[in-house]
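A short worksheet on the structure shown next.
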Amino acid sequence: MNRWVGIVSLRETAPPTPAHRIALAIDAARNRTSYLLAGQKVSYARMRSALRRLGQDHARHHEWQRYEYCVDLAGDFFDGGHPPTGLPSWLTSELQNLLDGRSGTPSTGRRRAQAAPRRPDLRPVHQRPASTRRGLTASPETARLARPARSASPETGPRPSSEPVRPYSRAKRRLDVHDVIFSAPCMPPVSLVGEYGQEVAENVGKAVSGWNAGPEATTWLGLAAEHRSHLYESQHADRVTPHVLGLLDRLGASALDVILLDAYTQWAAPRKSGEQSSQHARRRAAANLALGSWASRQRLVRMGAGEAQQPARSVFEGVARQILGVLSLCGEHEIAQRLVASVWHDLDRPSSGADADPVTLAQTAFQKEGLTYDYNEEGPDHRKVFRAAVRTGTGRTAEGIGQSKKAARAAAAQALLDAFPHVIAAASPGRKATPANLSAASPRPYPQPGNRHRDAVSDLAAMFELGHRTHGLLAQALTHVSWVHENQEAATAARQRDNHLLAHHGSHIVDYLAAHVRVRRVLAHGLTPDEDEARILTSSDDDTARLGATLQLTEGLLTSRGESGQGRTAVSDAAQAVVAAAWRVHGPRLLGRRPVILDDWLSGLEHQHDPVTVLTAMASTYGIEHEYTYDVSGPDHLKSYTATISLRDAQERGHRWTEHLPGPPGKPEAKKATAEALLDILATPVNGVVDDLPASERDLLAFLLRAQLDGLGQPMERQRARILARGDLGTDLLATGDTEAFLTWAERIRPLLGPDGTAAPDTLRELYRKVLDDTRIGPGSLLRRMAADTGPDAASVVRRNAADAVRRALSSGPQAASVRDVVQDWWREQAPATGVTVRDDMRQEVFRPLPVHLGALDETLTWCGEAAEAAGTRIDVELTVQEGTLHVWVGLGKVDVGTACDDFARLLSHTLPYTDCLVSDDHVLLRLHGLPEADPVCPLAAAGMDAYVSGPLERRRPAGEPMGAHDEQLYS
Numbered sequence: 000m001n002r003w004v005g006i007v008s009l010r011e012t013a014p015p016t017p018a019h020r021i022a023l024a025i026d027a028a029r030n031r032t033s034y035l036l037a038g039q040k041v042s043y044a045r046m047r048s049a050l051r052r053l054g055q056d057h058a059r060h061h062e063w064q065r066y067e068y069c070v071d072l073a074g075d076f077f078d079g080g081h082p083p084t085g086l087p088s089w090l091t092s093e094l095q096n097l098l099d100g101r102s103g104t105p106s107t108g109r110r111r112a113q114a115a116p117r118r119p120d121l122r123p124v125h126q127r128p129a130s131t132r133r134g135l136t137a138s139p140e141t142a143r144l145a146r147p148a149r150s151a152s153p154e155t156g157p158r159p160s161s162e163p164v165r166p167y168s169r170a171k172r173r174l175d176v177h178d179v180i181f182s183a184p185c186m187p188p189v190s191l192v193g194e195y196g197q198e199v200a201e202n203v204g205k206a207v208s209g210w211n212a213g214p215e216a217t218t219w220l221g222l223a224a225e226h227r228s229h230l231y232e233s234q235h236a237d238r239v240t241p242h243v244l245g246l247l248d249r250l251g252a253s254a255l256d257v258i259l260l261d262a263y264t265q266w267a268a269p270r271k272s273g274e275q276s277s278q279h280a281r282r283r284a285a286a287n288l289a290l291g292s293w294a295s296r297q298r299l300v301r302m303g304a305g306e307a308q309q310p311a312r313s314v315f316e317g318v319a320r321q322i323l324g325v326l327s328l329c330g331e332h333e334i335a336q337r338l339v340a341s342v343w344h345d346l347d348r349p350s351s352g353a354d355a356d357p358v359t360l361a362q363t364a365f366q367k368e369g370l371t372y373d374y375n376e377e378g379p380d381h382r383k384v385f386r387a388a389v390r391t392g393t394g395r396t397a398e399g400i401g402q403s404k405k406a407a408r409a410a411a412a413q414a415l416l417d418a419f420p421h422v423i424a425a426a427s428p429g430r431k432a433t434p435a436n437l438s439a440a441s442p443r444p445y446p447q448p449g450n451r452h453r454d455a456v457s458d459l460a461a462m463f464e465l466g467h468r469t470h471g472l473l474a475q476a477l478t479h480v481s482w483v484h485e486n487q488e489a490a491t492a493a494r495q496r497d498n499h500l501l502a503h504h505g506s507h508i509v510d511y512l513a514a515h516v517r518v519r520r521v522l523a524h525g526l527t528p529d530e531d532e533a534r535i536l537t538s539s540d541d542d543t544a545r546l547g548a549t550l551q552l553t554e555g556l557l558t559s560r561g562e563s564g565q566g567r568t569a570v571s572d573a574a575q576a577v578v579a580a581a582w583r584v585h586g587p588r589l590l591g592r593r594p595v596i597l598d599d600w601l602s603g604l605e606h607q608h609d610p611v612t613v614l615t616a617m618a619s620t621y622g623i624e625h626e627y628t629y630d631v632s633g634p635d636h637l638k639s640y641t642a643t644i645s646l647r648d649a650q651e652r653g654h655r656w657t658e659h660l661p662g663p664p665g666k667p668e669a670k671k672a673t674a675e676a677l678l679d680i681l682a683t684p685v686n687g688v689v690d691d692l693p694a695s696e697r698d699l700l701a702f703l704l705r706a707q708l709d710g711l712g713q714p715m716e717r718q719r720a721r722i723l724a725r726g727d728l729g730t731d732l733l734a735t736g737d738t739e740a741f742l743t744w745a746e747r748i749r750p751l752l753g754p755d756g757t758a759a760p761d762t763l764r765e766l767y768r769k770v771l772d773d774t775r776i777g778p779g780s781l782l783r784r785m786a787a788d789t790g791p792d793a794a795s796v797v798r799r800n801a802a803d804a805v806r807r808a809l810s811s812g813p814q815a816a817s818v819r820d821v822v823q824d825w826w827r828e829q830a831p832a833t834g835v836t837v838r839d840d841m842r843q844e845v846f847r848p849l850p851v852h853l854g855a856l857d858e859t860l861t862w863c864g865e866a867a868e869a870a871g872t873r874i875d876v877e878l879t880v881q882e883g884t885l886h887v888w889v890g891l892g893k894v895d896v897g898t899a900c901d902d903f904a905r906l907l908s909h910t911l912p913y914t915d916c917l918v919s920d921d922h923v924l925l926r927l928h929g930l931p932e933a934d935p936v937c938p939l940a941a942a943g944m945d946a947y948v949s950g951p952l953e954r955r956r957p958a959g960e961p962m963g964a965h966d967e968q969l970y971s
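What follows is the structure, given as structure tokens:
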């Protein structure tokens with residue numbers, strides 16, 4: 000049965016086509032080489048380069064949907080192609096910024112990527128002017144856009160004294176606020192959760208008295224009770240990765256930090272942030288212990304059989320934090336707060352356990368009754384387990400286990416304290432009362448703060464919807480410690496202090512908000528995130544300083560005469576303090592409603608590794624050992640660090656690099672700048688500026704390239720995905736079909752490798768092949784995504800059919816030996832069903848097809864023939880060969896060609912090498928680019944082109960056949 004019946008769309012009959020219709024179609028395709036972006040013409044080559052660059056940026060941010068979109072779209076910009084016109088607004092904006100040179104941030108170092116001057120002709124001798132999929136010429140400027148220079152910290156240092164005094168002009172801040180809308184998270188599988196979620200919800204409801212969990216919260220609470228050992232044993236790790244539990248744990252830990260500090264600030268009045276920080280660390284340890292004991296007593300944890308034999312305390316504490324994370328995820332922050340208060344009774348008062356261990360606390364609480372401990376040993380000598388039983392004089396008992404007698408005694412004492420909390424309260428009645436060291440009365444705004452400070456406070460109050468009563472707290476958030484030191488009398492009169500305590504509180508609130516946004520975003524995408532997607536990093540001073548710069552806090556920050564207020568730490572502290580002030584007023588409302596500026600900043604946080612860690616990961620992939628050393632100069636109060644990195648590759652070759660920074664950088668800044676310099680230099684060949692590099696940078700680049708080639712092993716699929724996302728060794732150029740840019744890249748690095756790098760290692764050939772297979776037929780490929788479209792609508796059916804057709808073209812192909820044989824066999828089957836006209840104008844032109852080309856031709860003719868048969872119209876076919884390229888024009892009478900053939904044509908062009916399929920109003924033009932007459936002269940280029948023209952591994956090597964029979968290397 001024809002699969003097109005009931006699917007194919009009809010269109011009005013077009014006017015008669017001119018006689019030379021294939022010639023017109025070929026000329027029209029050749030003239031399509033630029034794209035109209037926001038009224039500006041951009042060449043296809045620049046668009047490909049820009050889309051690859053944006054895709055790498057989104058990959059670094061772990062925004063994999065946008066990464067896939069950019070990479071897929073880059074494959075549509077081949078010469079003559081029909082890329083889509085209606086690009087998303089976010090992509091249009093990013094493309095404009097990148098192409099206009101407005102992307103990126105100021106450089107931290109001295110190096111900036113520069114465009115190379117135009118050279119007369121850098122085309123390798125084997126290239127010919129035709130499609131970009133044939134390894135053709137592109138000017139160095141367009142092969143890959145220059146990467147933005149490295150990011151920098153906010154401007155530091157005092158303002159120049161020679162700067163003239165400007166009249167006051169009020170800063171224009173964005174004051175709008177909006178409700179945050181999150182996509183619903185994916186639901187855990189019922190087969191994993193079962194009825195256990197209801198049991199956990201009931202235990203939480205008992206603890207907080209009167210809370211009824213909804214269906215979503217109940218299901219997620221069932222998942223929160225999972226330990227990763229049970230997740231593996233239940234064989235659900237492929238549907239819910241353990242990283243989901245890690246996300247919930249991190250979100251719960253952040254929520255717990257905020258809950259503890261919210262309670263602490265209600266009664267405590269620490270003098271310094273260090274005191275508040277140390278108290279918080281002790282209270283957090285005690286709260287974690289109490290939460291873990293509660294989870295253990297209620298038997299809430301689902302562990303694997305091995306883990307259940309000797310469960311560690313951290314297992315129960317982790318599950319308790321996961322439960323807090325689920326409550327936060329479901330919008331129940333207040334329930335989480337009540338749960339902590341119910342389980343840990345010292346939440347709203349000074350903890351007697353702040354400075355004492357459980358054994359001491361138990362001894363103090365039960366000193367009138369007396370305590371005795373008994374111990375039992377279990378297990379073999381090399382894995383002893385101790386069980387302690389504690390008994391009071393009145394018969395109260397509790398037990399605990401541990402890896403030592405001390406640990407078991409502490410566990411038993413804690414269990415006794417948890418079982419009889421009223422004894423602790425009776426033993427220390429003074430703790431029930433509100434402590435005497437209450438914080439001072441609410442701070443007041445300064446009477447004469449100056450216009451900048453007053454306007455900043457007023458704008459922030461409006462921005463966060465705080466009202467005028469919070470002006471005093473916002474004034475404290477904008478008070479630097481240096482100003483208090485010089486204006487002690489004014490600060491005392493206004494009941495003010497510096498912003499350090501607020502900033503410490505705000506740092507945990509910012510991390511909580513960021514974790515909440517990150518977890519919601521990842522879980523809305525699916526329950527199988529990898530390590531990179533599930534990463535949540537603590538906001539750095541650079542991040543919060545960037546928020547402070549966006550809020551323009553330096554305009555209103557009160558500092559001493561010798562402090563500019565523009566330093567990174569000062570701006571970062573002020574930003575965190577402002578967020579803390581807003582949280583103290585609104586509380587968890589900030590999770591769902593906040594200023595647009597804050598929401599944009601939270602959404603734009605890069606939960607990725609810093610350059611030091613990125614370099615470490617790259618070095619690990621290629622077996623490069625590295626070590627940092629530091630030179631220190633300057634006086635003690637103004638030390639300046641310079642970092643030097645020593646590298647050693649798999650062949651025991653060594654290299655050293657030192658990056659010098661202006662000003663007095665600290666050790667972390669120097670280390671980060673050095674790592675970032677190496678990554679920038681390694682990216683230079685794709686920017687076309689290799690010849691402009693100083694000799695030292697060229698030597699470093701040559702070392703890094705050799706180290707990558709010599710140290711490349713057998714990376715797994717996940718490692719290959721990271722290599723592709725970074726664009727290592729030109730893999731991204733091959734994956735997007737931009738062979739001209741790949742050949743140009745290979746020619747650029749050839750002089751750097753010297754005589755030792757003339758041969759391409761087998762590991763590189765295998766990497767290229769597997770990366771291309773991942774891109775063409777891998778789990779994330781366009782083919783697999785189309786095949787997985789299970790929708791019942793006509794468009795979904797078309798996409799599934801297209802995936803089947805392209806898969807057949809890749810894997811089997813026709814039995815015919817030539818193009819004419821394919822057309823003749825198809826004509827015999829098609830002619831009885833529809834009228835068919837075939838015009839063969841190939842003559843004796845040379846066409847060197849790839850094996851997959853015959854399959855592409857057969858499937859294209861079959862696809863169009865079935866569409867014409869379903870529409871009851873005739874089909875016309877014309878063939879010609881020009882400059883080594885076979886052009887096949889297929890005319891369809893009444894068929895809506897765009898609806899019927901767009902998905903098939905796009906998938907065919909993306910998946911098959913040297914294949915373009917173009918769709919017009921009334922026809923399909925298939926372009927099969929034959930093999931170039933001359934081979935690449937560079938071994939690296941030959942290795943890449945061998946992989947590019949080869950089909951998938953399953954086609955090259957049939958099942959059971961040894962390596963080599965179908966692995967012909969056409970270019971080597």
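Mapping the sequence shown onto numbering that gives the first Met the number 0, position 915 (from 1) lands on 914, and the numbers just tick up by one. For every residue, glycine included, the Cβ atom is placed at its ideal position computed from N, Cα and C.
**OP:** Report the option in Gly305, Gly291 and Glu306 whose CA atom is closest to the CA atom of leucine 299.
**Re:** Ranked by Cα distance from leucine 299, the first of Gly305, Gly291 and Glu306 is Gly291.
Original post:
How about the region 786-798 and the region 814-829: do they share at least three Cβ pairs that are nearer than 8 Å?
Top reply: No, the region 786-798 does not touch the region 814-829.
Original post:
Nearest-angstrom Cα distance between threonine 478 and aspartate 497?
Top reply: Between threonine 478 and aspartate 497, the C-alpha separation is close to 5 Å.
Subject >> Beta bridge counterpart(s) of valine 887 as assigned by DSSP >> reply: According to DSSP, which records beta bridges pairwise, valine 887 is partnered with Leu878 and Leu925.
Subject >> For proline 82 and leucine 983, the rounded distance between their alpha carbons >> reply: An answer regarding residue 983 cannot be provided, because it is not within the stretch 0 to 971 covered by the chain.
Original post:
Relative to the alpha-carbon of glycine 566, which residue among Ala544, Gln881, Gln475 and Met785 has its alpha-carbon at the smallest distance?
Top reply: Nearest option by C-alpha distance: Ala544.
Subject >> Collapsed DSSP secondary structure at histidine 499 in the structure displayed >> reply: If DSSP states are grouped into helix, strand and coil, histidine 499 belongs with the helices.
**OP:** Count the other CB atoms, across all protein chains shown, that sit within 10 Å of the CB of tryptophan 89; report buried if there are 16 or more and exposed otherwise.
**Re:** Answer is exposed; the Cβ neighbour count stays below 16.
**OP:** Please go through the region 175-213 and give each complete alpha helix (DSSP H) segment of 4 or more residues, from N-terminal end onward.
**Re:** With a minimum length of 4 residues, the continuous alpha helix (DSSP H) runs that stay inside the region 175-213 are 189-192 and 195-207.
**OP:** Identify, in the order they occur along the chain, each residue of the same chain with its Cβ nearer than 6 Å to the Cβ of glycine 392, setting aside the five sequence neighbours on each side.
**Re:** Taking C-beta separations shorter than 6 Å and ignoring five residues to either side along the sequence, the partners of glycine 392 in its chain run Glu368 and Gly369, following chain order.
Original post:
With a Cβ-Cβ cutoff of 8 Å, do threonine 789 and threonine 527 count as a contact?
Top reply: Not a contact, by the Cβ cut-off of 8 Å.
Original post:
How long is the line joining the alpha carbons of glutamate 485 and arginine 494, rounded to whole angstroms?
Top reply: It is roughly 15 Å from the alpha-carbon of glutamate 485 to the alpha-carbon of arginine 494.
Original post:
Cα-Cα, which of Ser228, Trp343 and Ala676 is closest to alanine 307?
Top reply: In terms of Cα proximity to alanine 307, the closest of Ser228, Trp343 and Ala676 is Ser228.
Subject >> Pairwise C-alpha distance: isoleucine 400 and alanine 406 >> reply: Each residue's Cα considered, the two are about 7 Å apart.
Original post:
Would valine 70 be called buried (16 or more neighbouring beta carbons within 10 Å of its own) or exposed?
Top reply: A residue is called buried when at least 16 other Cβ atoms come within 10 angstroms of its Cβ; valine 70 meets this threshold and is buried.
Subject >> Where aspartate 792 sits in the DSSP three-state scheme >> reply: Aspartate 792: coil per DSSP, three-state reduction.
**OP:** Report the three-state DSSP secondary structure of asparagine 486 (helix, strand or coil).
**Re:** Three-state DSSP puts asparagine 486 in coil, outside helix and strand.
**OP:** Measure the alpha-carbon distance for valine 314 versus asparagine 287 and round it to whole angstroms.
**Re:** So the two alpha carbons sit approximately 11 Å from each other.
**OP:** Within the same chain, show all residues whose beta-carbon is closer than 6 Å to that of lysine 981, passing over the 5 residues directly before and after it, in chain order.
**Re:** The question about residue 981 has no answer, for the chain in this structure spans 0 to 971.
Original post:
Just the Cα atoms here: how many angstroms apart are threonine 612 and alanine 674?
Top reply: About 9 Å.
Original post:
Are the C-beta atoms of alanine 548 and some chain D residue less than 8 Å apart?
Top reply: No chain D appears in the structure shown, which is made up of a single protein chain.
**OP:** Kindly list the residues whose CB is nearer than 6 Å to the CB of threonine 628, restricted to its own chain and excluding five residues on each side of it in sequence; keep chain order.
**Re:** Here the set comprises Thr643.
Subject >> Alpha-carbon to alpha-carbon, glutamate 530 and arginine 517 >> reply: Going by C-alpha positions, arginine 517 is about 13 Å away from glutamate 530.
Original post:
With distances taken from CA atoms, which of Ser168, Leu906 and Val835 is nearest threonine 914?
Top reply: Selected option, being the one with the closest Cα: Leu906.
Original post:
Alpha carbon to alpha carbon, how far is alanine 759 from alanine 946?
Top reply: So the two alpha carbons sit approximately 12 Å from each other.
**OP:** Output the residue ranges of the beta strand (DSSP E) runs that lie fully inside the region 692-734 and measure 3 residues or longer, sorted by chain position.
**Re:** If we require 3 residues or more, the region 692-734 turns out to have no beta strand (DSSP E) run fully inside it.
Subject >> When Ala388, Ser559, Gln321 and Ala581 are compared against glycine 466, the one with the closest alpha-carbon >> reply: The shortest C-alpha separation from glycine 466 is found at Ala581.
Subject >> Residue from His524, Glu765 and Arg798 with nearest C-alpha to leucine 781 >> reply: The residue from His524, Glu765 and Arg798 with its alpha-carbon nearest to that of leucine 781 is Arg798.
Original post:
Secondary structure at glutamate 651, three-state DSSP: helix, strand or coil?
Top reply: In the structure shown, glutamate 651 sits in coil (DSSP, three-state: anything other than H, G, I, E or B).
Original post:
Thinking just about the alpha-carbon of each residue, which of Arg169, Thr884 and Leu917 is nearest to the one in glycine 897?
Top reply: Checking every option, the nearest Cα to that of glycine 897 belongs to Leu917.
Subject >> Chain-order list of residues whose beta-carbon lies under 6 Å from that of arginine 337 (same chain, five-residue window excluded) >> reply: These residues qualify, in order along the chain: Val207.
Original post:
Does DSSP put tyrosine 913 in a helix, in a strand, or in coil?
Top reply: Reduced to three states, the DSSP call for tyrosine 913 is coil.
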